[in-house]
Amino acid sequence: MELKNLNDFYEKQEYYSYDELNSEQTHLNKRVHELTFFLNVASFSIIMAMMIYIFTTVTSSLVAVPAALVVGFIVFLLCKKGIKKLVYLITK
Numbered sequence: 001m002e003l004k005n006l007n008d009f010y011e012k013q014e015y016y017s018y019d020e021l022n023s024e025q026t027h028l029n030k031r032v033h034e035l036t037f038f039l040n041v042a043s044f045s046i047i048m049a050m051m052i053y054i055f056t057t058v059t060s061s062l063v064a065v066p067a068a069l070v071v072g073f074i075v076f077l078l079c080k081k082g083i084k085k086l087v088y089l090i091t092k
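Heads up, the sequence shown is in the UniProt record's numbering, so the first residue is 1 and it goes up one at a time.
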């Protein structure tokens, strides 16, 4: 292949985008982050529903909802840490 001028060189040169080369890994990471987000939302919703139900049976609704928000968020964070430790122990 003989190059007569620089325009000929630029026409035959191929450019690769970094995003296209790693698109499979990026696509997988994106999906994992989306699934993690929806799992967090679903688990927090379930914990909140249980806490509101428990606190509503014991106290009035005005006290139950704020208390359930605080306790539900703490339980959610503890569950996330527990699951993270469990996954670490299983993969270890």
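Positions of the beta carbon are idealized from the N, C-alpha and C atoms, including for glycine.
On a predicted model such as this, the values are computed, not experimentally measured, just so you know.
Which residues in the same chain as residue i place their Cβ atom closer than 8 Å to its Cβ, once the five residues preceding and following it in sequence are excluded?
i, result
"T59", "A67"
"residue 124", "In the structure displayed, the chain extends from 1 to 92; residue 124 sits before or after that span and is not available."
"I74", "none"
Which residue comes first and which comes last in the alpha helix (DSSP H) that contains residue i?
i, result
"K85", "61–91"
Return the chain-ordered list of same chain residues with a C-beta closer than 6 Å to the C-beta of residue i, the five sequence neighbours on each side being excluded.
i, result
"F44", "F76"
"T56", "A64"
| request: Would you check if there are 3 or more beta carbon pairs closer than 8 Å linking the segment 26–33 to the segment 44–52? | output: Judged by Cβ distances under 8 Å, the segment 26–33 makes no contact with the segment 44–52, as fewer than three pairs qualify.
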